[in-house]
Amino acid sequence: MKAMVLCAGLGTRLRPLTERWPKPAMPFLGQPLLRYHLAVLKAAGVTEVGINTHHLPDTMAAVARAECERAGLPLHVVHEPVIQGTGGGIRGLRDFLSGEDFLVFNGDILFPVDLKPVVAAHRESGAVATMVLLPMPEGEKYAAVEADAGGQVRRIAGYGPGGEGLKPWHFTGVHVMSPSVFDFMTAEGPEDINREVYVRVMQAGLQVRGHAVDAYWSDLGMPSRYLATVRDVLEGRVPLQALGKDSPLAGLKAGADGAWVHPEARVEGTVRGPAYVGSGSMVDAGATVGPGVSVGPGARVGQGARLERCAVFEETQVSPGEFLTEVLAWGPHRVPAPLTGR
Numbered sequence: 001m002k003a004m005v006l007c008a009g010l011g012t013r014l015r016p017l018t019e020r021w022p023k024p025a026m027p028f029l030g031q032p033l034l035r036y037h038l039a040v041l042k043a044a045g046v047t048e049v050g051i052n053t054h055h056l057p058d059t060m061a062a063v064a065r066a067e068c069e070r071a072g073l074p075l076h077v078v079h080e081p082v083i084q085g086t087g088g089g090i091r092g093l094r095d096f097l098s099g100e101d102f103l104v105f106n107g108d109i110l111f112p113v114d115l116k117p118v119v120a121a122h123r124e125s126g127a128v129a130t131m132v133l134l135p136m137p138e139g140e141k142y143a144a145v146e147a148d149a150g151g152q153v154r155r156i157a158g159y160g161p162g163g164e165g166l167k168p169w170h171f172t173g174v175h176v177m178s179p180s181v182f183d184f185m186t187a188e189g190p191e192d193i194n195r196e197v198y199v200r201v202m203q204a205g206l207q208v209r210g211h212a213v214d215a216y217w218s219d220l221g222m223p224s225r226y227l228a229t230v231r232d233v234l235e236g237r238v239p240l241q242a243l244g245k246d247s248p249l250a251g252l253k254a255g256a257d258g259a260w261v262h263p264e265a266r267v268e269g270t271v272r273g274p275a276y277v278g279s280g281s282m283v284d285a286g287a288t289v290g291p292g293v294s295v296g297p298g299a300r301v302g303q304g305a306r307l308e309r310c311a312v313f314e315e316t317q318v319s320p321g322e323f324l325t326e327v328l329a330w331g332p333h334r335v336p337a338p339l340t341g342r
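Number 89 in full-length UniProt numbering belongs to position 89 of the sequence shown; there are no gaps in the numbering.
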């Protein structure tokens with residue numbers, strides 16, 4: 001089975017971090033976010049992966065090559081000089097994906113889910129596509145996917161034929177598709193898979209189905225959500241077993257308070273869990289790290305600095321005496337990431 005990871009987004013809400021990394025290549029607890037996607041896809045039976053690139057294409061392709069080589073998955077890359085949207089992006093890999101059912105995975109989420117039952121249900125249903133769904137997160141304003149009692153999607157973000165007795169769901173950004181989906185795409189130009197391509201499928205009387213799962217899901221596309229996801233992992237709210245050896249905490253031993261310190265980190269100050277201190281990082285004497293802090297590989301926390309509820313990216317220097325809270329720190333940048341209400 002083949003899969004595509006959508007990697008062409010601009011990541012405007014995460015600037016300036018995305019001036020260095022495309023979102024799927026961003027470090028998350030010491031590893032590229034893409035590593036977690038590949039672990040989920042490989043566990044579902046995927047044997048080859050394709051990506052599309054647009055923003056920072058060389059960086060994205062280099063990270064994808066390294067991660068796919070690590071995972072033992074052949075990689076196919078298509079560059080989009082003009083961004084094509086989700087539908088156009090998938091169409092760009094038509095030659096690679098056609099032939100059998102395939103998976104599509106958004107590149108900016110953390111979603112350690114077992115997709116094998118979803119693939120099996122899709123194949124049994126004969127649907128053109130199956131959207132992986134969750135109950136609508138409380139307090140969020142995501143566009144709803146509305147499905148009938150039998151699981152057939154009838155409306156997406158207000159588009160589609162509709163019907164009676166529909167229930168709103170949250171779309172996770174993961175689909176299973178049959179090659180017939182390409183018959184409903186335009187020949188060229190940007191288009192949206194949900195609001196345009198799937199609407200055409202439904203209007204033709206064919207099936208787009210929803211498959212509800214019970215799993216942790218987070219969108220890392222905003223600073224506050226990125227930091228909230230770090231906190232969720234450190235506080236044990238994310239089942240990481242599905243990631244196996246690719247879990248960010250694999251091979252590390254936590255302290256009694258949940259302080260995960262890499263054996264190649266140098267800690268002369270204090271680390272208060274839950275916290276993560278990555279390989280090659282340094283916490284100088286008198287510095288306090290935690291709770292709710294991630295310190296990336298090669299970062300240094302200067303003497304007397306105090307960090308609470310923040311993420312420090314790789315190779316970043318925290319100045320002596322500096323106080324950081326609810327920010328993402330990369331190089332000289334301190335990006336506000338308020339956790340209020342989360």
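Think of the CB as a built atom: it goes at the ideal place given N, C-alpha and C, for glycine as much as any other residue.
All values reported here derive from a predicted model rather than from experimental measurement.
Burial state of residue i (16 or more Cβ within 10 Å)
i, result
"Phe323", "exposed"
"Gly278", "buried"
"Ser98", "exposed"
"Glu19", "exposed"
"Met26", "buried"
"Pro112", "buried"
"Val153", "buried"
"Arg342", "Low confidence applies here, because Arg342 scores a pLDDT of 46, under 50, leaving its location unreliable; read the following figure in that light. Exposed, since its Cβ has fewer than 16 Cβ neighbours within 10 Å."
"Ala256", "exposed"
"Pro248", "buried"
"Met282", "buried"
"Glu268", "exposed"
"Gly107", "buried"
"Met222", "exposed"
"Glu146", "buried"
For residue i, the three-state DSSP class (helix, strand or coil)
i, result
"Pro27", "strand"
"Ser178", "coil"
"His55", "coil"
"Lys253", "coil"
"Ile90", "helix"
"Glu69", "helix"
"Asp219", "strand"
"Leu10", "coil"
"Met1", "coil"
"Arg225", "helix"
"Gly341", "Residue confidence is low: Gly341 scores 49 on pLDDT, short of 50, so the model does not pin down where it sits. Its coordinate-derived value is still stated next. Three-state DSSP puts Gly341 in coil, outside helix and strand."
"Ala62", "helix"
Beta-carbon separation (whole angstroms), residue i vs residue j, contact threshold 8 Å
i, j, result
"Pro22", "Leu56", "5 Å"
"Ala212", "Leu134", "7 Å"
"Glu69", "Pro32", "At roughly 13 Å, the Cβ-Cβ gap does not stay under 8 Å, so Glu69 and Pro32 are not in contact."
"Lys141", "Gly45", "Not really, about 34 Å apart at Cβ, beyond 8 Å."
"Arg306", "Thr288", "5 Å"
"Phe184", "Arg200", "4 Å"
"Ala129", "Tyr198", "6 Å"
Beta-carbon gap between residue i and residue j smaller than 7 Å
i, j, result
"Gly89", "Leu6", "yes"
"Arg209", "Gly158", "no"
"Thr53", "Ala8", "yes"
"Leu103", "Val176", "yes"
"Ser224", "Pro137", "no"
"Gly165", "Arg155", "no"
"Val49", "Ala121", "no"
"Val238", "Ala311", "no"
"Val293", "Ala265", "no"
"Asp219", "Ile109", "yes"
"Pro320", "Gly304", "yes"
"Pro263", "Gly280", "no"
"Gly87", "Asp192", "yes"
"Val271", "Ala259", "yes"
"Gln207", "Ala144", "no"
"Asp284", "Gly273", "no"
Taking only runs that begin and end inside the segment 260 to 328, name each unbroken alpha helix (DSSP H) of 4 or more residues, in chain order. As far as the segment 260 to 328 is concerned, it has no whole alpha helix (DSSP H) run of at least 4 residues.
I'd like the ranges of any beta strand (DSSP E) spanning at least 3 consecutive residues and lying wholly in the segment 131 to 191. Segments of the beta strand (DSSP E) lying fully in the segment 131 to 191: 144 to 147, 153 to 156, 167 to 177.
Could you tell me which whole alpha helix (DSSP H) segments of length 4 or greater appear in the segment 87 to 126? If we require 4 residues or more, the alpha helix (DSSP H) runs fully inside the segment 87 to 126 come out as 94 to 97, 116 to 125.
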